[in-house]
Amino acid sequence: MAKTIHSMYAWLRKIWKRPFDEPLGPLLRQRMMEWRRQPSIVRIPKPTRLDRARALGYKAKQGIIVVRVRVRKGGLNKPRPRSGRRPKRMGVYGHTPKKSLQLIAEERAARKYPNLEVLGSYWVGDDGYYKYFEVIMVDPHHPVIRSDPHFRWLVGYERRVKRKAKVSKELLEKVRKAIEENMGEGHEEQGAGS
């Protein structure tokens with residue numbers, strides 16, 4: 005039986021399906037220890053998962069950067085009310101954000117780099133306390149990007165979106181979808197005590 009030859013991207017995809025197993029596991033654990041000591045939003049020279057980055061539109065050219073974002077796991081950390089009430093009605097526990105942690109990471113990266121647009125993001129690891137995502141960002145004003153036909157849709161994007169609400173349409177769509185999923189019958193009593 006002939007041995008199947010996989011492309012490099014197929015091999016990378018296969019390894020990242022089980023990231024904590026043998027070939028990648030020790031390296032990922034080592035990276036987690038380093039990443040934990042770094043700031044929550046760090047610009048990195050190249051993507052960790054090249055297969056996912058390329059699938060989302062990453063190209064190794066000027067005007068495209070990769071940012072690693074660290075997001076705390078778990079639900080909302082609500083402050084405990086000072087005024088008296090039953091513990092059940094404090095509203096401290098049982099609150100989950102209506103957005104995914106990946107979406108939160110994309111929004112934080114967009115806030116940190118206001119002149120860039122979010123192209124996409126993907127998971128790169130998590131430990132007991134944090135999740136790590138890499139966000140691909142594009143500078144729509146860079147001459148290399150403006151002359152690339154694949155990024156033609158980005159040119160003039162700034163004029164179509166107001167400066168204050170400068171988050172890509174995909175992000176807004178994800179937020180709307182996440183909020184809609186948490187509405188409707190059976191979701192009325194989600195909150196304290198659930």
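Numbered by the numbering used here, the letters in the sequence shown go through residues 5 to 198 in order.
For glycine and all other residues, C-beta sits at the position ideal for the given N, C-alpha and C.
Asked	Found
Could you please give the first and the last residue of the uninterrupted alpha helix (DSSP H) stretch that includes glycine 129?	Run containing glycine 129: none in the alpha helix (DSSP H); it sits in the beta strand (DSSP E), 121-130.
Can we say the stretch 78-98 touches the stretch 145-158, given the rule of at least three CB pairs closer than 8 Å?	no
Could you tell me the alpha carbon to alpha carbon distance between lysine 103 and valine 179, rounded to whole angstroms?	6 Å
Could you check the C-alpha separation between proline 101 and leucine 80 for me, to the nearest Å?	6 Å
With lysine 21 as the anchor, note down where its alpha helix (DSSP H) starts and where it stops.	12-21
So, helix, strand or coil for phenylalanine 155, using DSSP?	helix
Is DSSP giving glutamate 26 helix, strand or coil here?	coil
How should isoleucine 48 be labelled, buried or exposed, when 16 other C-beta atoms within 10 angstroms of its C-beta is the threshold for buried?	exposed
With respect to the alpha helix (DSSP H) encompassing lysine 135, which residues constitute its N-terminal and C-terminal limits?	Per DSSP, lysine 135 belongs to no alpha helix (DSSP H); it is in the beta strand (DSSP E), 134-142.
Hey, lysine 116 and valine 75 are a contact pair by Cβ (cut 8 Å); roughly how many whole angstroms apart?	So it is not a contact: roughly 13 Å between Cβ atoms.
Taking the C-alpha atoms as reference points, what is the distance between valine 159 and aspartate 143?	9 Å
Just mark tryptophan 157 as buried or exposed, buried being the case when its beta carbon has 16 or more other beta carbons within 10 Å.	exposed
So, for lysine 18: in the same chain, excluding its five sequence neighbours on each side, which residues have a beta-carbon less than 6 Å away from its beta-carbon?	none
Verify whether the separation of the beta carbon atoms of glycine 129 and leucine 32 is less than 8 Å.	yes
From valine 73 to arginine 86, what does the alpha carbon distance come to, in whole angstroms?	33 Å
Using the DSSP secondary-structure output, state which residues sit across from valine 96 in a beta bridge.	Answer is none; valine 96 lacks a bridge partner.
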